[in-house]
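From first to last, the protein sequence lines are chains A and B. In terms of my numbering, the first sequence has 257 at position 257, counting the first letter as 1, and numbering is strictly consecutive. Here my numbering = 1-based position in the second sequence + 347.
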Amino acid sequence: MPGEKLVAGLVLTTIGVALILFSFSVKSVETQPSQDNYQIASREVRVEYLEKRNYTYMLTQSFLLRNPSNNTVVDLVYMWLPVNATSQSVRLVESNIEPLYRKSGEDGATILVYNLSLPSGRTLWLNATLQVTVEKYRLLMENIPWLDRSQVEENTGGKRYWAVENQTYVSIARSIGLDARDPVEACSSIGKWILERLDYQPTLRKGAEHALVARGGRLTVSGDCEEVADVFVTLARILGIRSRVAHGLYLLEDKDFVTMWIKRTETGYNVSDNWGGHAWPQIYVPQAGWVDVELLEGETVKIGDFSQYHVKYGFEEKSFMGSTMLYCQAMYLETDSFYFAFRRVQS
Amino acid sequence: MRLVCKVMIILVLMVSTLAPITRQVKPQLNYLVGLNMDVEFMDNGLARVTLKQHPFDASGRSLISNKDVVNEIISDEDSFVSLILLFFTTDPSKTSYVVASHSQLDSGEHVLCNTGTPGVMERFDGAVTLVVTVFLNTTTSLVALGNDAYQIVVTDYFTLTDPRSWIDVMDLRFTGNVKLLNFSADPPWAKPPSVANATRLLWLNMNEADAPDNYVLTLQIPGVVFSSIALKLRAEVSEARFSNASSSLLVNIRNTGEDEGVFTVVLSEKGFEQARKISLKPGENAWVKFPVHAPEGEEVEVKVFGGREQLDGHRMTLTEKPAGTPPQAQYAVLGAIGLILMLLGALMILLHLDDRLKEHHQTQAPQHEIPF
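This is how it looks when you write it as structure tokens:
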């Protein structure tokens with residue numbers, strides 16, 4: 001039929017024109033420079049302290065030990081000390097009993113080991129006084145590069161509490177952090193995501209996998225400071241950011257003298273109203289060291305904006321099963337009371 | 348609260364002391380557990396581990412007849428399997444093992460344990476036993492030294508995770524063609540083994556201070572094969588876009604293989620090597636962004652790795668225009684095909700017009716012909 005060539009010709013021409021237009025349109029979109037082209041961003045890596053101030057406390061930590069058995073017990077007693085770390089220095093001033101030796105925990109915790117003998121039913125106070133200097137700081141971080149490949153491969157894997165292979169977490173991390181330009185921006189997005197979904201409830205540590213709860217078609221982060229830290233570390237590690245959990249005490253009161261305590265009772269434990277057991281995440285920035293991240297101080301994401309109220313007792317990074325930090329424990333002797341008295345001596 | 352000694356511990360107390368608002372922690376049964384571990388190193392790099400546990404109270408009285416306690420230990424089998432693996436590896440998820448015998452109360456077994464009386468190792472009859480065979484070639488503890496010689500570091504993970512805990516008895520045996528070449532233990536103040544011969548090393552640890560944290564063995568083990576199922580990850584750097592304004596480079600990565608995997612995208616520029624991690628399903632692609640520190644016009648390199656293997660790599664110049672990556676070529680090809688189709692179409696239309704013209708001439712011609 002004579003019309004066949006016309007139809008075929010028109011179809012081919014239309015397809016051809018469409019393909020040409022499509023290829024041009026894609027190219028033109030991709031080559032279009034950004035609208036903010038007139039102002040070129042700085043490229044220099046910038047790490048600068050906007051604020052840096054030391055606060056020194058004399059900390060006396062006292063523990064009441066009791067022998068609950070019918071026999072005299074000779075036991076090793078382990079006392080955890082605040083650690084020397086980025087933005088914190090610690091010096092042991094005195095202890096009422098000479099320690100047997102000092103040892104390190106799996107992730108660098110400092111532990112004094114005492115060899116004590118206690119007759120049946122008797123109690124004993126074990127004290128240590130320390131000078132703790134905490135650095136309050138505010139960091140400016142710009143154009144921070146992502147870590148190199150070896151750091152990513154060695155230090156961003158999963159652990160018992162950090163479910164980096166959980167597909168829900170993988171998908172969340174992608175949606176909130178993949179298009180982040182640098183790790184600090186990614187961490188800020190993670191922090192905001194957590195805070196928007198946080199259902200704060202004191203709980204036993206359950207790890208990131210169990211902290212994510214679907215409620216009313218929405219994911220919430222359920223738990224306390226440890227869950228917040230675990231979820232943060234999990235998401236950060238999925239994105240290739242080296243991150244860990246810091247454990248310690250938080251001074252809830254801004255006073256020259258603060259005492260917080262835990263006492264064993266017949267039914268469990270009582271804690272003082274100002275008890276400040278705390279955990280928070282940290283990220284590793286090679287140009288700055290370990291940078292603290294606080295999401296529970298003022299309901300805002302604070303990265304490198306660290307207050308003088310945090311005292312670090314240990315970290316959890318390499319330990320697969322999670323680090324044990326018990327302040328003062330023995331194998332056979334019971335610890336009935338934990339007292340922490342902070343006296344601010346210099347600021 | 349459950350207090351397990353010589354082993355695990357008061358994780359419950361630890362956590363509760365960290366939660367700022369916790370007021371009460373409901374106490375549960377406190378007990379301690381004596382731990383004995385037998386490890387048999389066999390041909391082909393297998394280690395058969397038998398963990399024997401015996402619960403007792405703070406006064407040293409056996410709790411093996413307490414069903415609640417025994418059932419609790421038995422029901423914790425998964426945790427104890429993980430702990431056994433952690434004696435040999437830093438990542439249990441990558442370790443091959445077989446539970447040869449599940450946790451059970453074995454009245455014929457016994458456990459040796461110090462219950463607080465200095466220098467006395469008490470014998471407790473009955474034990475909850477768990478037997479796990481570990482493939483050492485899938486652990487991080489096995490280091491090949493050559494000629495079938497290997498160094499194996501057995502780490503007392505109980506001590507590592509809680510400084511108060513330790514293994515009361517560590518009984519290492521070497522069977523088949525496995526030969527003990529050398530051994531040591533750390534820290535240096537740890538007590539030496541009670542039995543040390545070619546086929547057996549036995550440590551009786553009275554307390555945590557005496558117990559080694561690491562048992563370091565040099566063994567000759569014939570027939571160890573380091574085999575693994577290698578994922579055939581494939582991916583390409585399918586596109587890269589530089590933005591001078593935001594000093595950033597967007598890189599598109601596509602998983603071109605048949606396996607889902609985690610890929611590492613690496614950007615090398617101006618003294619920095621930056622890496623981003625991304626998980627992709629087969630056929631999936633995604634963009635990742637990097638801050639750029641080099642000036643416009645400088646050459647950078649983008650690579651993608653799957654595990655240790657480099658899967659793709661491109662050198663490119665930082666210009667606002669998209670770098671010369673495969674999709675650009677595809678668009679050019681698409682345009683060329685469009686042009687050819689358009690020309691063909693035009694040709695067909697011309698042919699059609701030609702036909703019509705000829706048709707017109709044919710129908711018009713007879714009218715001018717003069718018939719003879």
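Glycine is no exception: its CB is placed at the ideal position from the N, C-alpha and C atoms.
Can you tell me the Cα-Cα spacing of residue i and residue j, whole angstroms?
i	j	result
A/Thr-13	A/Asn-155	57 Å
A/Glu-142	A/Val-47	7 Å
B/Val-525	A/Met-321	31 Å
B/Leu-597	B/Val-647	13 Å
B/Thr-437	A/Met-325	20 Å
B/Ile-684	A/Gly-16	7 Å
B/Asp-515	B/Val-396	15 Å
A/Leu-65	A/Val-113	14 Å
B/Arg-370	B/Lys-538	Note that B/Arg-370 scores a pLDDT of 27, beneath 50, so its modelled location is shaky; the value from the coordinates is reported in the next line. One C-alpha to the other measures close to 43 Å.
A/Ser-363	A/Asn-54	Nothing about residue 363 of chain A can be reported from this structure: the residues present for chain A run from 1 to 347 only.
A/Gln-61	A/Gln-167	43 Å
Give a yes or no on whether 8 Å exceeds the smallest Cβ distance from residue i to chain A.
i	result
B/Thr-486	no
B/Leu-393	no
B/Ala-622	yes
B/Met-468	no
B/Met-384	no
B/Thr-611	yes
B/Phe-471	no
B/Met-689	yes
B/Pro-402	no
B/Ile-600	no
B/Phe-619	yes
B/Ile-420	no
For residue i, which of helix, strand or coil comes out of DSSP?
i	result
B/Met-695	helix
A/Tyr-101	strand
A/Ser-69	coil
B/His-708	helix
B/Leu-452	strand
A/Gln-32	At A/Gln-32 the pLDDT is 39, less than 50, meaning the model places this residue with poor confidence and gives no usable figure here.
A/Gly-3	helix
B/Tyr-504	helix
B/Pro-402	strand
A/Asn-37	Caution applies to A/Asn-37, whose pLDDT of 40 falls short of 50 and renders its modelled position unreliable; the value that the coordinates give is listed next. Looking at A/Asn-37 - three-state DSSP - the assignment turns out to be coil, as it is neither helix nor strand.
B/Ile-408	Reading off the sequence, residue 408 of chain B comes out as Arg, not Ile. Three-state result, B/Arg-408: coil.
B/Ala-641	coil
B/Ala-545	coil
B/Val-571	coil
B/Arg-703	helix
Beta-carbon of residue i versus every beta-carbon of chain B: anything under 8 Å?
i	result
A/Val-214	The displayed chain sequence assigns Ala, not Val, to residue 214 of chain A. No - not a single Cβ of chain B is within 8 Å of the one on A/Ala-214.
A/Val-74	yes
A/Met-82	It is worth fixing the name first, because residue 82 of chain A is Pro in this sequence and not Met. Cβ-Cβ to chain B under 8 Å: no for A/Pro-82.
A/Pro-33	Low confidence applies to A/Pro-33: its pLDDT is 37, below 50, so where it sits in the model is not reliable, and the reading given next is rough at best. Chain B contact via Cβ: present.
A/Tyr-332	yes
A/Trp-193	no
A/Asn-143	yes
Locate the alpha helix (DSSP H) running through residue i, then write down its first and last residues.
i	result
A/Tyr-169	167 to 177
A/Glu-153	149 to 155
A/Trp-193	183 to 197
A/Gly-207	207 to 211
A/Leu-235	225 to 238
B/Glu-555	Element bounds for B/Glu-555: n/a, residue is neither H nor E.
B/Glu-419	414 to 422
Sorry if obvious, but does the Cβ on residue i come closer than 7 Å to a heavy atom of the ligand GDP?
i	result
B/Lys-650	Within the structure as shown, the ligand GDP is missing, as the structure has no ligands at all.
Strictly below 8 Å CB to CB, what residues from chain C border residue i?
i	result
B/Ala-532	Here chain C cannot be found, since the structure's protein chains are A and B.
Terminal residues of the continuous beta strand (DSSP E) containing residue i?
i	result
B/Ile-625	619 to 627
B/Gly-660	656 to 664
A/His-247	243 to 250
B/Asp-733	Nothing can be reported for residue 733 of chain B: it is not among the residues displayed for chain B, which extend from 348 to 719.
*Check distances from the C-beta atoms of the region 625 to 645 of chain B to those of chain A and list, in chain order, the residues that come in under 9 Å.*
Ile-625, Ser-626, Ala-633, Trp-634, Val-635, Lys-636, Phe-637, Pro-638, Val-639, His-640, Ala-641, Pro-642, Glu-643
*Members of the region 1 to 24 of chain A that neighbour chain B once the beta carbon cut-off is set at 9 Å*: Pro-2, Gly-3, Glu-4, Lys-5, Leu-6, Val-7, Ala-8, Gly-9, Leu-10, Val-11, Leu-12, Thr-13, Thr-14, Ile-15, Gly-16, Val-17, Ala-18, Leu-19, Ile-20, Leu-21, Phe-22, Ser-23, Phe-24
*Of the residues that make up the region 88 to 108 of chain A, which ones have a beta carbon closer than 7 Å to any beta carbon in chain B?*
Lys-103, Gly-105, Glu-106
*When Cβ atoms are compared, which residues of the region 548 to 563 of chain B fall closer than 8 Å to chain A?*
Asn-554, Glu-555, Ala-556
*Which residues, taken in chain order from the region 270 to 304 of chain A, show a beta carbon closer than 8 Å to some beta carbon of chain B?*
Asn-270, Val-271, Trp-275, Gly-276, Gly-277, His-278, Ala-279
_What are the residues in the region 169 to 187 of chain A lying within 8 Å of chain B by C-beta distance?_
Val-170, Arg-174, Leu-178, Asp-179, Ala-180, Arg-181, Asp-182
*Where the region 144 to 159 of chain A meets chain B: residues whose CB sits under 8 Å from a CB there*: Ile-144, Pro-145, Trp-146, Leu-147, Asp-148, Arg-149, Gln-151, Val-152, Glu-153, Thr-156, Gly-157, Gly-158
*asked:* So if I threshold CB-CB distances at 9 Å, which residues from the region 569 to 598 of chain B count as touching chain A?
replied: Glu-586, Arg-588, Ser-590, Asn-591, Ala-592, Ser-593, Ser-594, Ser-595, Leu-597
*Mind listing which residues of the region 403 to 414 of chain B have their C-beta closer than 9 Å to chain A's C-betas, in chain order?*
Asp-404, Ala-405, Ser-406, Gly-407
_Under 7 Å (Cβ pairs) to chain A, residues found in the region 507 to 519 of chain B_ = Leu-507, Thr-508, Asp-509, Pro-510, Arg-511
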